[in-house]
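Asks: All residue numbers in the sequence shown are consecutive under the numbering used here, ending with 164.
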Amino acid sequence: MLETLILLFLTLATVITAICVYYNYQLSYWSRRGIPGPKGELFWGNLKEVIGRKKVNVFQIRDWSKEFPRYYGIKKGFYNNLVISDPDLAHEVFVKKFDHFHGHELHPMEEDPDKDPKMVLLILARGLRWKRLRTISNPIFSLGNLKKVSLKLKFIGFIFQSCY
Numbered sequence: 001m002l003e004t005l006i007l008l009f010l011t012l013a014t015v016i017t018a019i020c021v022y023y024n025y026q027l028s029y030w031s032r033r034g035i036p037g038p039k040g041e042l043f044w045g046n047l048k049e050v051i052g053r054k055k056v057n058v059f060q061i062r063d064w065s066k067e068f069p070r071y072y073g074i075k076k077g078f079y080n081n082l083v084i085s086d087p088d089l090a091h092e093v094f095v096k097k098f099d100h101f102h103g104h105e106l107h108p109m110e111e112d113p114d115k116d117p118k119m120v121l122l123i124l125a126r127g128l129r130w131k132r133l134r135t136i137s138n139p140i141f142s143l144g145n146l147k148k149v150s151l152k153l154k155f156i157g158f159i160f161q162s163c164y
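1) Which one of D63, S162 and Y72 has the shortest CA to CA distance from N81?
2) Who pairs with E41 in a beta bridge, going by DSSP?
3) In three-state DSSP terms, what is G52?
4) Identify, in the order they occur along the chain, each residue of the same chain with its Cβ nearer than 7 Å to the Cβ of K76, setting aside the five sequence neighbours on each side.
5) What does a CB cutoff of less than 8 Å around C20 pick up in its chain, not counting 5 residues either side in sequence?
6) Enumerate, from N- to C-terminal direction, the unbroken beta strand (DSSP E) stretches of 3 or more residues contained entirely within the region 59 to 104.
7) Relative to the alpha-carbon of K147, which residue among P139, D88, M1 and K96 has its alpha-carbon at the smallest distance?
8) So, for S137: in the same chain, excluding its five sequence neighbours on each side, which residues have a beta-carbon less than 8 Å away from its beta-carbon?
9) Using the three-state DSSP reduction, which class does K148 fall into: helix, strand or coil?
10) Using the C-alpha atoms, what's the distance from T11 back to F155?
11) So for E3, helix, strand or coil by DSSP?
12) Should H100 be labelled buried (16 or more other beta-carbon atoms within 10 Å of its own) or exposed?
13) Tell me the rounded alpha-carbon separation between G157 and V149.
14) Going straight from the alpha carbon of I6 to that of N24, what length do you get?
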């Protein structure tokens, strides 16, 4: 009986240790690739900070963008997200190498755009549909246009911040 309890305890301890090691390994996804980013918590990653009550998520992303000015990686639960703040790097990703970056995370509250042909949104499209829509809208993402949008978004962010 005692041997069975010891064996059960050791098995349980091994399983718990393996789960913790696995999640720690997943948590170090961005640091293993040399990409800076905020430290996350075990199991949650940066999800609590992004959807937390202490700070509006827009302000949290803004603070991280100040801390890591060009790009950074965050972990939202099981998902790894690369956030790009630099317009030149965004141009590189979205225009020059867009064929490598056509997969996007679906928001959990959104319907699957591939199932609804009326949803022709570049942001929600994935795979080959995204590639086709991206090719059609390619001139919109020129470096000059991205810089104009960046300036306008900074101005809107300044107004939004002054309201709070």
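Beta carbons are placed, not taken as given, at the ideal position from N, Cα and C, and that holds for glycine. On a predicted model such as this, the values are computed, not experimentally measured, just so you know.
Replies: Taking the definition as stated:
1) Within the sequence shown, the letter at position 81 stands for residue 81. When each option's Cα is compared against that of N81, the closest is Y72.
2) In the sequence shown, the residue the question calls residue 41 occupies position 41. The beta-bridge partner set that DSSP reports for E41 consists of G45.
3) The sequence position of residue 52 within the sequence shown is 52, counting from 1. G52 carries a coil assignment under DSSP once its states are collapsed to helix, strand and coil.
4) Within the sequence shown, numbered from 1, the residue matching residue 76 stands at position 76. For K76, where only same-chain residues beyond five positions count, the Cβ hits under 7 Å are G45, N46, L47 and V50.
5) If you number the sequence shown from 1, residue 20 lands on position 20. Around C20: L42.
6) Correct list: 71 to 76 and 79 to 84.
7) Within the sequence shown, the letter at position 147 stands for residue 147. Of the candidates P139, D88, M1 and K96, the one whose C-alpha sits nearest the C-alpha of K147 is D88.
8) Along the sequence shown, one-based indexing puts residue 137 at 137. Contacts found: L122.
9) On the sequence shown, position 148 is the one that residue 148 refers to. K148: helix per DSSP, three-state reduction.
10) On the sequence shown, position 155 is the one that residue 155 refers to. On the sequence shown, position 11 is the one that residue 11 refers to. Rounded to the nearest angstrom, the two C-alpha atoms are 57 Å apart.
11) Numbered from 1 along the sequence shown, position 3 holds the residue referred to as residue 3. Note: E3 maps to helix in three-state DSSP.
12) Counted from its first residue, the sequence shown places residue 100 at position 100. Per the 10 Å Cβ criterion, exposed.
13) Numbered from 1 along the sequence shown, position 157 holds the residue referred to as residue 157. Numbered from 1 along the sequence shown, position 149 holds the residue referred to as residue 149. About 12 Å.
14) Working through the sequence shown from its first residue, we reach residue 6 at position 6. Working through the sequence shown from its first residue, we reach residue 24 at position 24. Distance between the alpha carbons of I6 and N24 is about 27 Å.
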